[in-house]
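Novice: Numbering (UniProt numbering), first residue to last: 1 to 238.
No residue lacks a Cβ here, since even glycine has one placed at the ideal position from N, Cα and C.
These numbers were taken from a predicted model, which means no experiment stands behind them.
So that we are looking at the same thing, I have put the structure below in structure tokens.
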């Protein structure tokens, strides 16, 4: 897919829990404010971590193991295939903390809410790749303090790389939202930002989201079906 002079469009893809749900990971939270059976306030806030760090570490250790036990699905692989065709013209911004995009082959990727397979030292602030449990209080590789926490952005904290994301959204030709409710900011505001700067906006979701600004195009269905179909259309494949 290129324009009249052979230049590929600049595409920003925002993904949410819906794309990973089809790999077997539970979605972010339900209508009762629960996150995999736990109260959001207890496991996804700095205050919850201060009150009961063992419970929070145990919760994320379990989530890390669960994410490692599943595989990327057809939607993840389709986005990696699109990147293979378009190169740096596409940026995937994910709200998910799993590594399914990477394992599918996506490289031009931002985890705006952090990653399960990383740990951050609460003393020195160093962020490290991490695959083991944190409940045992392992030492920080940088400073030696036994004060590691999940490198996950909790409520009340600032998501990562916001300037880079916003610059990409402002400059993109096509903005695509996949498997996200459109309820959590700042991600929920990206469709309006993209539209304001002239991008075509597309939603691929199990059901329409509650986005404040309507998408130019909306397709509903399972991510494993509608995302590969959209990629095939974009690449001119039947």
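Please report the straight-line C-alpha distance between residue 179 and residue 208, rounded to a whole angstrom.
Specialist: Along the chain shown, read from residue 1 onward, the residue named residue 179 stands at position 179. Along the chain shown, read from residue 1 onward, the residue named residue 208 stands at position 208. Their backbone Cα atoms lie some 10 Å apart in a straight line.
Novice: Nearest CA to the CA of residue 181: which residue from 12, 95 and 23?
Specialist: In the chain shown, the residue the question calls residue 181 occupies position 181. If we check each option's Cα against that of residue 181, 95 comes out closest.
Novice: Using CA atoms only, rank isn't needed, just tell me which of 129, 187 and 177 is closest to residue 162.
Specialist: Within the chain shown, numbered from 1, the residue matching residue 162 stands at position 162. In terms of Cα proximity to residue 162, the closest of 129, 187 and 177 is 187.
Novice: Taking the alpha carbon of residue 229 as the reference point, which residue from 25, 79 and 72 has its own alpha carbon closest?
Specialist: By one-based count along the chain shown, residue 229 stands at place 229. When each option's Cα is compared against that of residue 229, the closest is 79.
Novice: Once DSSP output is grouped into helix, strand and coil, what is the label at residue 4?
Specialist: Taking the chain shown and counting its residues from 1, the one referred to as residue 4 is at position 4. With a pLDDT of 44 at residue 4, under the threshold of 50, the modelled position of that residue is not reliable, and no figure is offered here.
Novice: Just to confirm, are residue 49 and residue 40 a CB contact at a threshold of 8 Å?
Specialist: Within the chain shown, residue 49 is the residue found at index 49, counting from 1. Within the chain shown, residue 40 is the residue found at index 40, counting from 1. Cβ atoms of residue 49 and residue 40: not closer than 8 Å.
Novice: First and last residue of the alpha helix (DSSP H) that includes residue 162?
Specialist: Position 162 of the chain shown, counted from the start, is the residue given in the question as residue 162. Membership of residue 162 in the alpha helix (DSSP H) is indicated by the continuous run 162-171.
Novice: Among all the DSSP beta bridges, which residues are the ones paired with residue 226?
Specialist: On the chain shown, residue 226 is found 226 positions in, with the first residue counted as 1. Paired residue(s): none; residue 226 is not in a bridge.
Novice: With 16 as the cutoff for other CB atoms within 10 Å, does residue 197 come out buried or exposed?
Specialist: On the chain shown, residue 197 is found 197 positions in, with the first residue counted as 1. Burial call: exposed.
Novice: Measure from the alpha carbon of residue 68 to the alpha carbon of each residue in 217, 131 and 135, then state which is nearest.
Specialist: Translated into positions along the chain shown, residue 68 becomes position 68. Closest option to residue 68, Cα to Cα, is 131.
Novice: Using 8 Å as the threshold, is the C-beta distance between residue 14 and residue 97 below it?
Specialist: Residue numbering aside, residue 14 sits at position 14 when the chain shown is read from its first letter. Residue numbering aside, residue 97 sits at position 97 when the chain shown is read from its first letter. No.
Novice: Give the secondary structure of residue 23 by DSSP, where H, G and I count as helix, E and B as strand, and everything else as coil.
Specialist: Translated into positions along the chain shown, residue 23 becomes position 23. The answer is coil: DSSP assigns residue 23 none of H, G, I, E or B.
Novice: State the DSSP-derived secondary structure class of residue 116, mapped to helix, strand or coil.
Specialist: To locate residue 116, count along the chain shown from 1; it is residue 116. Note: residue 116 maps to strand in three-state DSSP.
Novice: Which class does residue 127 belong to by DSSP, given the choice of helix, strand or coil?
Specialist: Within the chain shown, numbered from 1, the residue matching residue 127 stands at position 127. Residue 127 falls in the strand class under three-state DSSP.
Novice: Helix, strand or coil: how does DSSP classify residue 104 here?
Specialist: Residue mapping note: residue 104 aligns to position 104 of the chain shown, counting from 1. It is helical.
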